[in-house]
Amino acid sequence: MKDTVTLPPHAQALLHTQGPAQRRALAKAITLAESTRADHRAQADAMIDALMPHTGGAFRLGISGVPGVGKSTFIEALGLYLVGRGLRVAVLAVDPSSSISGGSILGDKTRMEQLSVHERAFIRPSPSAGTLGGVAEKTREALLLCEAAGFDIVIVETVGVGQSETTVAGMTDLFLLLQLPNAGDDLQAIKKGVMELADLIVINKADLDAAAATRARAQITSALRLLGLHARDGVDPHADPYPAVDRPAPWRPEVMQLSALEGSGLPEFWATVERFRASQQAHGRLAARRHQQDEAWMWQRIASGLQQRFDTHPGVRARLPGTLQKVRQGELAPSLAARQLLALLDGGPNPGPA
Amino acid sequence: MMESLTQQMADEAWKIIEEVDTQGGMTRAVDSGWAKLKIEAAAAEKQARIDSGKDVIVGVNKYKLAKEDKVDILEVDNVKVRDAQIARLQQLRAARDAEAVKAALAALTEAAQSGQGNLLDLAIRAVRLRATVGEVSDALEQVFGRHRADIQKVTGVYAAAYDSAEGWEKLQGEIAAFADTHGRRPRVMIAKLGQDGHDRGAKVVATAYADLGFDVDMGPLFQTPAECARQAIENDVHAVGVSTLAAGHKTLVPAILAELKAQGADDIIVFVGGVIPQQDYDFLFEAGVKGIYGPGTPIPASAKDVLEQIRRAQGETQAA
């Protein structure tokens with residue numbers, strides 16, 4: 000049985016304090032989880048493990064969309080709506096770091112002015128670079144820390160670039176894609192994979208052009224239909240030899256429109272989220288999704304751990320330049336080169352000169 | 000020669016005008032934040048050219064005086080001014096016809112709502128009855144809402160224009176070394192406190208620091224010291240840099256130091272940039288400020304000092 004007495008001070012404060020003291024403890028705990036230092040990472044892993052019994056209580060909402068779609072404005076409006084209903088809301092925003100300098104400018108809070116000063120809100124922007132494993136590990140751990148601190152809703156925000164959507168969808172209960180009303184050509188630009196991840200698609204800025212928003216909604220809905228997006232529980236109904244009589248209908252991604260700027264459509268949006276949540280919970284899908292995610296997380300940590308072990312192995316480091324040279328010059332088959340390098344990891348028999 | 004230069008300038012200007020036109024006119028361009036972003040990018044570029052000595056300003060980055068003479072300035076005690084203003088306001092409110100003011104403001108709100116009537120005329124009527132500017136704008140805000148400056152960010156501009164590489168790369172190396180030692184990059188929040196909306200300098204510093212490898216948090220405009228301290232704590236920054244151009248530093252800077260302490264985070268250090276009279280330096284240092292960077296300080300020099308101060312603060316707290 001895990002005992003809270005053995006927890007480090009920050010984690011203790013996370014569980015047992017409130018207000019500014021808890022805010023500070025949560026901030027420090029997230030910093031620890033984000034650290035690239037090996038000893039910090041070990042401490043963070045131990046801390047998360049000890050806190051596990053206190054996690055899982057929040058609803059995890061992932062939000063993505065292209066720059067300019069109004070993510071921050073949406074989160075400000077939604078967050079204020081939720082804290083207004085007495086809920087505690089944490090926002091984890093991932094800002095891209097410059098690939099050149101490694102530095103970043105984190106300006107999200109300037110667009111969440113009212114939410115960022117609300118006593119029931121916590122907003123933490125994090126730079127995307129500079130940690131082992133990138134966005135995934137640190138944000139997932141920060142999410143668990145927010146849960147341990149008793150937040151009811153944890154929102155994870157990411158810019159829709161690279162693999163970040165997949166990562167965020169892989170750690171949340173509901174993945175929301177924000178869209179602009181001027182779909183048309185833009186629709187082509189939505190990556191098919193991202194559409195498949197979305198549980199809910201919201202067309203923001205519907206106030207700008209109601210007709211365009213309605214059109215976009217129709218287009219996206221039919222695109223979803225074309226993509227044949229059905230089951231969200233990973234079961235393909237077509238492959239099911241038994242008719243789904245005793246099986247509850249799976250959630251189908253819905254498309255809605257609203258205006259975050261004007262705050263219109265928010266109650267309807269949240270009602271849909273609640274409906275999703277209820278349907279997921281009723282059929283045990285919420286728990287199943289989280290179990291799958293936990294498993295995937297473990298595999299991901301194993302993969303990154305193996306990669307790191309490979310990268311830092313002295314034998315590999317010594318052999319790598321020569322082997323690379325041979326592969327480049329076509330003297331050694333890439334597959335054999337890989338086999339030889341991997342063999343060094345388990346200190347196996349020296350494969351000898353190639 | 001002159002003609003070709005004039006032509007060049009005209010051509011460049013025309014390009015900008017065309018860019019504005021494609022966005023649907025200047026009003027749109029201002030509204031979208033495009034114009035402000037352009038100004039900020041130009042400012043960052045200019046600052047980089049000054050800091051690297053490519054643009055010469057005599058007395059600032061060349062032929063500097065060995066010793067700057069003290070300039071006599073009018074010392075304004077802003078606490079006293081504020082108290083006096085509050086007293087006058089209370090007097091005004093006590094003396095005016097409260098019912099008439101209320102009615103005038105209500106008429107203003109109603110006109111804003113219905114779109115009927117002349118808002119300027121109604122505003123002047125309210126002011127003649129001694130409604131304050133704040134009350135008039137509150138009356139309009141009920142209908143129109145409040146404008147929120149969309150803070151956008153430029154990156155890479157400063158580094159591109161500042162290419163006297165030597166000191167720059169060395170500093171980048173030191174920042175990378177810090178990240179190795181501490182498990183993360185030095186994280187700095189650039190804040191604007193109180194009634195001081197001049198944020199171009201703050202933006203220039205933010206983009207330059209990010210180009211150097213800092214993680215930089217931008218605070219919103221018009222933040223209170225308590226809000227600023229909260230953001231600094233929540234984001235767990237190493238340092239807060241207060242940019243001050245409206246002479247509020249003697250009140251606001253001690254206030255942010257006190258707030259950090261009150262919220263349990265006196266390991267977060269505070270530095271100040273902007274227009275600060277030499278006479279106030281000692282006062283601020285005594286209050287606990289770790290660095291003051293006035294006009295003419297090259298940004299890399301301030302960054303180097305900030306890094307040094309952060310290192311020291313981290314070392315001290317770790318040893319303690």
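Chains as they are written, first to last, in numbering that gives the first Met the number 0: chain A, 0 to 353; chain B, 0 to 319.
Note that the Cβ used here is the ideal one computed from N, Cα and C, for glycine as well.
H248(B) places its beta carbon less than 8 Å from that of V271(B). Taken atom to atom, the span from the alpha-carbon of A207(B) to that of V156(B) is near 8 Å. For the pair G314(B) and P7(A), the Cα-to-Cα distance works out to about 21 Å. Sequence-ordered contacts of the segment 93-120 of chain A with chain B read S96, S97, I99, S100, G101, G102, S103, I104, L105, G106, K108, T109, R110, E112, S115, V116 [C-beta pairs closer than 8 Å].
Nearest Cα to K289(B) within the set L192(B), V252(B), E258(B), A261(B): V252(B).
Under the three-state reduction of DSSP output, R59(A) falls in the strand class.
When C-alpha distances from G196(B) are compared across D120(B), T296(B), G273(B), A9(B), the shortest belongs to G273(B). In this chain, the alpha helix (DSSP H) harbouring V142(B) covers 132-143. Taking a beta-carbon distance threshold of 8 Å, P180(A) does not count as an interface residue toward chain B. If the five residues before and after W269(A) are omitted, its C-beta is found closer than 7 Å to the C-beta atoms of Y80, all from its own chain and listed in chain order. CA-to-CA, the gap between S63(A) and A158(B) works out to about 30 Å.
S125(A) places its beta carbon less than 8 Å from that of V93(A).
Looking at the backbone, the Cα of E267(A) and that of R84(A) are separated by about 15 Å. For the segment 5-18 of chain A, no residue has a beta-carbon sitting nearer than 7 Å to a beta-carbon of chain B.
Taking a contact as a CB-CB distance under 8 Å, the pair L77(A) and L265(A) counts as one, their CB atoms being some 6 Å apart. Taking a Cβ-Cβ threshold of 9 Å, the residues of chain B close to R23(A) are I232, E233, D235, Q262, G263, A264, in chain order. M25(B) carries a helical assignment under DSSP once its states are collapsed to helix, strand and coil. Residue pairing for S258(A): DSSP places it in a beta bridge opposite S263(A). Contacts with chain B at 8 Å (Cβ-Cβ) do not include S163(A). Counting along the chain, G314(A) sits inside no beta strand (DSSP E); it lies in the alpha helix (DSSP H) bounded by residues 313-327. By the Cβ-count criterion, I49(B) is buried, with 16 or more other Cβ atoms from all chains shown falling within 10 Å of its own Cβ.
One Cα belongs to D48(A), the other to A41(B), and the distance between them is close to 49 Å.
Closest option to S263(A), judged by alpha-carbon separation, among G67(A), D206(A), C145(A), T35(A): D206(A). 8 Å or more divides the Cβ of T157(A) from the Cβ of R110(A). The C-beta of Q171(B) comes closer than 8 Å to at least one C-beta of chain A. Excluding five sequence positions before and after A178(B), the CB atoms of its chain that fall closer than 6 Å to its own CB belong to R184, given in chain order. Residues of the same chain with a CB within less than 6 Å of the CB of A147(A), apart from the 5 flanking positions on each side, are L13, L50, H53, T54 in chain order. In the assembly as shown, Q90(B) is an exposed residue. Its beta-carbon has fewer than 16 other beta-carbons within 10 Å.
Under the three-state reduction of DSSP output, E156(A) falls in the strand class. Identification of chain B residues near T157(A) by a Cβ-Cβ cut-off of 8 Å yields none; the smallest Cβ-Cβ distance measures about 17 Å. With respect to the 8 Å criterion, I275(B) and A238(B) are not classified as neighbours on the basis of their beta carbons. Not flagged as an interface residue toward chain B: E273(A), since no C-beta distance is shorter than 8 Å. The beta carbons of Q262(B) and P19(A) sit closer together than 8 Å. Taking CB atoms only, G155(B) has a neighbour in chain A less than 8 Å away. Around the beta carbon of A57(A), a 10 Å sphere encloses 16 or more other beta carbons of the protein chains shown; the residue is thus reported as buried. DSSP, reduced to helix, strand and coil, places E67(B) outside both helices and strands of the structure shown, so it counts as coil.
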